[in-house]
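To convert, take the position in the sequence shown, counting from 1, and add 5; that gives this note's numbering.
Worksheet for the structure shown next.
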Amino acid sequence: MTAVPMIELWRGGMLESAHLGHAVICDGRGAIIEAWGDPEAVIFPRSSCKMIQALPLIESGAADAAGLSDEQLALSCASHNGAAIHTERVARWLDDLGMSESDLRCGPQMPDDFPARKGLVCSGIAPCQIHNNCSGKHTGFLTLTRHLGAGPEYIDASHPVQVAVRAAFEEVTGLASPGYGIDGCSAPNFATTVHGLARAMGYFAAARPDGRGREGAAARLVQAMMGHPDLVAGEGRACTRLMRAMGGRVAVKTGAEAVFVAILPELKRGIALKIMDGATRASEAALTALLVRLGALEADHPVVADLLTGPILNRRGIAAAALRRAAGFAGC
């Protein structure tokens, strides 16, 4: 099977762009409920799998030993904007560990948050690693590193932290990973299928807060994400806006190159999708369509209009184009 049309852009009554992809909805046991394209397409989940990468942080006992809060657990799953609410919390977390920015291995990044970016530019200060959108995940890695008494190069695939991450990743996806690539933050990113990623999200969706071991860890991470959508991404971001729109009942997480996942505990459903051309706009629209299809998001909510159904305005505020679900996708 090949990728199928999922999202289209129409302008002047003509099809201007078509975004093809793969999507899978799984139940809590990992069975496919619905699928579009090829469920067995192999992808890099990129940052969409951060909640999987955070499982060893809790399972090992490191999170409790360090007294981590739900805010810190949410940051461990985050691709944040580098706003003050993110960087100040990461800096305090590092300080609590007796570590500093230099212990991170994610690299510096100019923040996407406008006030933070403006503050750096106007002061002539270069961004540091704490501004990196993955600094929360990496501080989680450092927390686990300290707990294990392991060496400082926690991003090496052979490091105990990444060995634990890979084991958890393969177990919740139900597949041996065919390999890994190096992510934008320098950590290994293990490949899996779209079905494998959706199976993992289904596992998180069905996990009970009172469950033992991994199940309790998964539920705890989901609750942290749903409780702190502003820390998982930031103002103006699709992840934060969608989670707020659903009132803390669903966790969603984007990944680079147009991967998106959702965890729906009330329905015990997990979603994973990949837009093959890497267009984030299309992945946001596709996930929105699937959330509406499952009844988790009201079709008339303003965020649906912004991400999927509303007009695309030009710089003069004139409706110039529109996104549409492709025929056959998500009920269209």
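Glycine included, every Cβ here is placed at the ideal spot set by N, Cα and C.
Over what stretch of residues does the beta strand (DSSP E) that includes P165 continue unbroken? Here residue 165 refers to the residue found at position 160 of the sequence shown. No beta strand (DSSP E) holds P165; the alpha helix (DSSP H) holding it covers P165 to T178.
Taking the alpha carbon of G17 as the point to measure from, which residue in G336, E158 and L328 has its own alpha carbon closest? By 1-based counting over the sequence shown, the position of residue 17 is 12. For G17, the nearest C-alpha among the options comes from L328.
To the nearest angstrom, how far is it from the Cα of R110 to the Cα of T148? Taking the first residue of the sequence shown as 1, we reach residue 110 at position 105. Taking the first residue of the sequence shown as 1, we reach residue 148 at position 143. The alpha-carbon atoms of R110 and T148 are separated by roughly 13 Å.
For C31 and M251, which I take to be in contact (beta-carbon distance under 8 Å), what is that distance rounded to the nearest angstrom? Here residue 31 refers to the residue found at position 26 when the sequence shown is read from its first residue. Here residue 251 refers to the residue found at position 246 when the sequence shown is read from its first residue. At roughly 19 Å, the Cβ-Cβ gap does not stay under 8 Å, so C31 and M251 are not in contact.
Option nearest G283 by Cα separation, candidates P44, M248 and P50: In the sequence shown, counting from the first residue as 1, residue 283 sits at position 278. It is P50.
Beta-carbon proximity of L247 to T314, cut-off 8 Å: The residue given as residue 247 occupies position 242 in the sequence shown. The residue given as residue 314 occupies position 309 in the sequence shown. No, these two residues do not count as a Cβ contact at 8 Å.
Under 8 Å between the Cβ atoms of N86 and D108? To locate residue 86, count along the sequence shown from 1; it is residue 81. To locate residue 108, count along the sequence shown from 1; it is residue 103. No. Outside cutoff.
Within 10 angstroms of its Cβ, does C244 collect 16 or more other Cβ (buried), or is it exposed? Against the sequence shown, residue 244 aligns to sequence position 239. Its Cβ being crowded by 16 or more others within 10 Å, C244 is buried.
Can you look up G145 in the DSSP assignment and give me helix, strand or coil? In the sequence shown, counting from the first residue as 1, residue 145 sits at position 140. It is helical.
For P269, which residues in the same chain have their Cβ closer than 6 Å to its Cβ, ignoring the five residues on either side in sequence? One-based indexing of the sequence shown puts residue 269 at position 264. The question names Pro, yet the displayed sequence has Leu at residue 269. Taken in chain order, the residues that qualify are A210, V255 and A301.
Here's the rule: buried if 16 or more other CB atoms are within 10 angstroms of the residue's CB, otherwise exposed. What is M230? Within the sequence shown, residue 230 is the residue found at index 225, counting from 1. Under this definition M230 is a buried residue.
Looking at the unbroken alpha helix (DSSP H) that takes in D69, where does it start and where does it end? Taking the first residue of the sequence shown as position 1, residue 69 is located at position 64. Per DSSP, D69 belongs to the alpha helix (DSSP H) from A67 to A70.
Integer Cβ distance of Y208 from F195, believed to fall under 8 Å: By one-based count along the sequence shown, residue 208 stands at place 203. By one-based count along the sequence shown, residue 195 stands at place 190. With 8 Å as the limit, Y208 and F195 do not qualify as a contact, their Cβ atoms being about 16 Å apart.
Which term fits F174, buried or exposed, when burial requires 16 or more other beta carbons within 10 angstroms of its beta carbon? Here residue 174 refers to the residue found at position 169 when the sequence shown is read from its first residue. So F174 counts as buried.
Let me know the alpha helix (DSSP H) ranges lying completely inside the region 108-154, each 4 residues or longer, listed in chain order. 119-128 and 140-153
Grab me the residues of D188's own chain with a C-beta within less than 7 Å of its C-beta, minus the 5 sequence neighbours each way, in chain order. Position 183 of the sequence shown holds residue 188. Around D188: R51 and N194.
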